[in-house]
Amino acid sequence: MLARFAFAPLLGAVQVPAPPEVAIEWAAPKECPDREAVLTAIARRLGRPLTAEEAEVEARVVRDGGRGFTLRLRLSAGERGETREVSDPSCAALADVVAVLVAAAVEPAAGVPEPAPAEAVAPAPEPVPTEAAAPAVAPEPEPSEPLAEPIAPIEPIAPPSEPVPPRRSKGPGGFVRAHGGGEIGAVPRVTGAVGLAGGLLWPRWRLELQGLYVVPQEREVPHVATTVRVALAAGAVHGCARLGRGALEVPVCVGLEAGAMRGEARGPPSGRAAFQGWLGGVLGAGVVWHAGPRLGVWGAVQMALTPVRPRFELSNATSSEELWLPGPVSGRLLLGVEIRLRDPW
Numbered sequence: 001m002l003a004r005f006a007f008a009p010l011l012g013a014v015q016v017p018a019p020p021e022v023a024i025e026w027a028a029p030k031e032c033p034d035r036e037a038v039l040t041a042i043a044r045r046l047g048r049p050l051t052a053e054e055a056e057v058e059a060r061v062v063r064d065g066g067r068g069f070t071l072r073l074r075l076s077a078g079e080r081g082e083t084r085e086v087s088d089p090s091c092a093a094l095a096d097v098v099a100v101l102v103a104a105a106v107e108p109a110a111g112v113p114e115p116a117p118a119e120a121v122a123p124a125p126e127p128v129p130t131e132a133a134a135p136a137v138a139p140e141p142e143p144s145e146p147l148a149e150p151i152a153p154i155e156p157i158a159p160p161s162e163p164v165p166p167r168r169s170k171g172p173g174g175f176v177r178a179h180g181g182g183e184i185g186a187v188p189r190v191t192g193a194v195g196l197a198g199g200l201l202w203p204r205w206r207l208e209l210q211g212l213y214v215v216p217q218e219r220e221v222p223h224v225a226t227t228v229r230v231a232l233a234a235g236a237v238h239g240c241a242r243l244g245r246g247a248l249e250v251p252v253c254v255g256l257e258a259g260a261m262r263g264e265a266r267g268p269p270s271g272r273a274a275f276q277g278w279l280g281g282v283l284g285a286g287v288v289w290h291a292g293p294r295l296g297v298w299g300a301v302q303m304a305l306t307p308v309r310p311r312f313e314l315s316n317a318t319s320s321e322e323l324w325l326p327g328p329v330s331g332r333l334l335l336g337v338e339i340r341l342r343d344p345w
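Counting from 1, one number per residue, gives the positions in the sequence shown under full-length UniProt numbering.
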């Protein structure tokens with residue numbers, strides 16, 4: 001007895017770990033059932049509470065104008081996954097839809113209600129023989145009550161045409177892109193530009209590394225009878241906010257660009273090629289259409305502000321003649337194809 005009282009504080013200090021929380025996210029207007037009501041409906045369908053390992057559910061209900069509500073559901077259960085979008089005037093009906101789909105995904109037979117049992121029909125009593133010699137006449141059977149109509153079973157959920165990953169990756173995704181387009185301001189005339197890019201993707205941010213080559217163009221300098229040919233190669237780091245929703249992404253970017261410009265004088269008199277530095281900031285806005293789970297079509301307008309830009313001159317013993325000086329602002333219109341890997345968008 002004394003040992004029992006001695007170990008009582010130790011026994012009271014032992015805590016039973018709480019079971020893991022069920023992975024269900026439910027967001028709906030105030031007039032809709034809450035998360036606990038949805039869990040209760042799922043447990044009623046299954047005949048037991050749903051466990052954390054059986055399914056992962058993301059359900060969001062929004063108002064659909066004056067017509068009712070729309071449910072957007074993402075469901076993963078084991079190797080199966082699907083997305084659904086259902087509309088109904090009643091928000092409570094959409095909560096019951098979630099319960100039916102989750103129960104059918106976890107235990108296909110659990111989501112189908114059993115038909116109501118028909119009431120037992122009592123057998124007709126057997127006729128009692130009499131002493132008379134007349135043949136016994138069987139009594140007419142009493143009419144039985146009509147059987148209850150069985151409830152129509154719910155059709156099993158067909159697997160989606162494209163498998164949905166059971167869980168989203170919590171780490172950043174990545175992408176590569178090839179792009180090209182037009183450029184104005186860096187070299188003497190409107191010209192073309194090509195580039196490659198790659199980087200990391202977060203749900204609402206992206207980090208890009210870009211390389212750009214501006215196709216060379218020539219400019220005539222009549223008073224010295226010389227033509228200058230200018231080209232630009234640069235690299236940039238961009239940080240972008242990923243705006244938009246659904247299949248349409250709107251990246252808004254700011255970055256730093258550095259590179260070198262090559263200028264070469266041609267004609268009498270001529271000079272050797274020279275390289276000078278290029279440094280500035282880049283502002284850009286674009287659009288990405290997510291044409292598929294991994295493929296995107298990208299387009300952007302960029303503006304380069306270059307406080308450090310080259311100045312090419314033709315020098316001789318007596319004087320120097322300016323051949324080309326880029327403006328402080330240049331612009332680009334670019335289009336490209338983007339391949340995304342593990343995009344958490």
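C-beta: ideal position from N, C-alpha, C; glycine also.
#### Entry: 4 or more residues per run - each alpha helix (DSSP H) lying fully within the region 53 to 114
91 to 106
### Message
Using CA atoms only, rank isn't needed, just tell me which of L295, P326, G66 and G192 is closest to L305.
### Response
P326
### Query
Who are G182's beta bridge partners in DSSP?
G192 and L333
### Task
Drop a sphere of 10 angstroms on the beta-carbon of E338, count the other beta-carbons inside from all chains shown, and report buried for 16 or more, exposed for fewer.
buried
### Message
I want to know whether the region 237 to 253 touches the region 213 to 228 - three or more CB-CB distances under 8 Å.
### Response
no
### Terminal residues of the beta strand (DSSP E) in which T226 lies
T226 to R245
### Query
Of the residues L101, H223 and F175, which one's Cα is nearest the Cα of L75?
L101
### Message
Buried or exposed for T83, going by 16 or more other Cβ atoms inside 10 Å?
### Response
exposed
### Task
Output the boundary residues of the alpha helix (DSSP H) element that contains A37.
R35 to L46
### Task
State buried or exposed for R189, treating a residue as buried only when at least 16 other CB atoms are found within 10 Å of its CB.
exposed
### Query
Taking just the CA atoms, how far does P222 sit from V297?
44 Å
### Where P216 sits in the DSSP three-state scheme
strand
### Task
Starting from A273, trace the beta strand (DSSP E) both ways and give me its first and last residue.
Looking at the DSSP string, A273 is not in any beta strand (DSSP E), and its letter there is neither H nor E.
### Task
In angstroms with no decimal places, state the Cα-to-Cα distance between E183 and T191.
5 Å
### Alpha-carbon to alpha-carbon, A241 and H290
16 Å
### Task
Out of G47, R44 and L39, state which residue places its alpha-carbon closest to the alpha-carbon of E56.
L39
### Task
Assign W324 to buried or exposed, taking buried as 16 or more other Cβ atoms, counted over all protein chains shown, within 10 Å of its Cβ.
buried
#### Entry: With 16 other Cβ atoms within 10 Å as the buried cut-off, status of Q276
exposed
#### Entry: Whole-number beta carbon distance between R80 and A104, since they are thought to touch under 8 Å
A104 to R80, Cβ: 10 Å. No contact.
### Task
Look at W26 and A59 and say whether their C-beta atoms are less than 8 Å apart.
yes
### Secondary structure of P172, DSSP reduced to three states
coil
### Query
With 16 as the cutoff for other CB atoms within 10 Å, does L333 come out buried or exposed?
exposed
### Query
Would DSSP call residue 351 helix, strand or coil?
Residue 351 is absent from the structure shown; the chain starts at 1 and stops at 345.
### Query
In three-state terms, what does DSSP make of P29?
coil
### Message
Is the beta carbon of A52 closer than 8 Å to that of V98?
### Response
no
### Query
For the candidate residues P328, R311 and S315, whose alpha-carbon lies nearest to that of G281?
P328
#### Entry: Closest by C-alpha distance to L94, when choosing among S330, L73 and E208
L73
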